[in-house]
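Numbering (UniProt numbering), first residue to last: 1 to 202. Built from N, CA and C at the ideal position, the CB exists for glycine as well.
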């Protein structure tokens with residue numbers, strides 16, 4: 001017998017002890033195999049481009065912002081075993097965000113978000129740029145989950161676009177890079193052209 005919507009949600013809740021909110025590459029389902037991923041919105045945080053000494057290039061993190069809400073995906077952590085995800089997000093701290101995420105799960109869902117600790121990150125530089133192959137993966141995820149309007153919101157709710165961006169598309173350096181369609185690539189390029197990014201060739 002088919003489960004109705006509420007029964008499916010209850011089944012998902014029972015299957016996972018813990019959930020995470022992804023707001024960057026984790027929005028792109030092609031970069032992971034975490035189950036039951038679904039759209040959600042995190043309030044009280046804003047995305048920002050940052051570099052940490054633990055990584056060679058810059059990535060997204062989130063910082064507190066009471067006036068901002070960002071779209072993303074939540075996904076279950078099977079058995080509450082965070083080890084693999086903690087390794088993937090090794091430069092970040094995992095912090096609880098239960099009451100700040102709007103989602104379709106039950107009220108008891110435990111949700112965490114990853115953030116680089118305050119004082120341990122700085123602005124990207126030419127020596128530590130943002131990879132275009134990383135931006136491509138993130139925006140592809142937002143296009144597929146939220147459409148063009150949602151992908152534009154990604155750009156609008158991300159701070160710090162006046163950064164060096166390394167165009168590595170010819171030889172992607174981001175380990176989870178994904179091939180973009182011509183339409184996806186054109187969308188990314190059009191959005192970046194309207195921002196104060198400094199594109200540099202690899």
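Taking the CA atoms as reference points, residue 84 sits about 10 Å from residue 77. Residue 71 sits in a strand when the DSSP states are folded into three classes. If you draw a straight line from the Cα of residue 37 to the Cα of residue 143, it comes to about 15 Å. With a cut-off of 8 Å on Cβ pairs, the stretch 90-103 is in contact with the stretch 30-49, counting three or more such pairs. Contact between the stretch 90-97 and the stretch 133-153 is absent: fewer than three C-beta pairs spanning the two stretches fall below 8 Å. Using a 10 angstroms sphere on the CB of residue 70, the tally of other CB atoms reaches 16 or more, which defines it as buried. DSSP places residue 142 in the uninterrupted alpha helix (DSSP H) bounded by 132-156.
Beta-carbon to beta-carbon, residue 45 and residue 62 are separated by about 4 Å, close enough to satisfy the 8 Å threshold.
For residue 157, the CB contacts under 7 Å within the same chain, skipping 5 residues up- and downstream, are 46, 47, 68, 70 in chain order.
Note on residue 125: under 16 other CB atoms within 10 angstroms of its CB, so exposed under the neighbour-count rule.
DSSP, reduced to helix, strand and coil, places residue 29 within a helical segment of the structure shown. In this structure residue 92 does not touch residue 133 by the C-beta definition: roughly 20 Å separates them, more than the 8 Å allowed. Here residue 62 is bridged, per DSSP, to 47. Rounded to whole angstroms, residue 196 and residue 129 show a C-alpha spacing of 14 Å. In the DSSP assignment, residue 95 falls within the beta strand (DSSP E) that extends over 93-96. Taking a C-beta distance under 8 Å as the contact criterion, residue 35 and residue 75 qualify as a contact pair.
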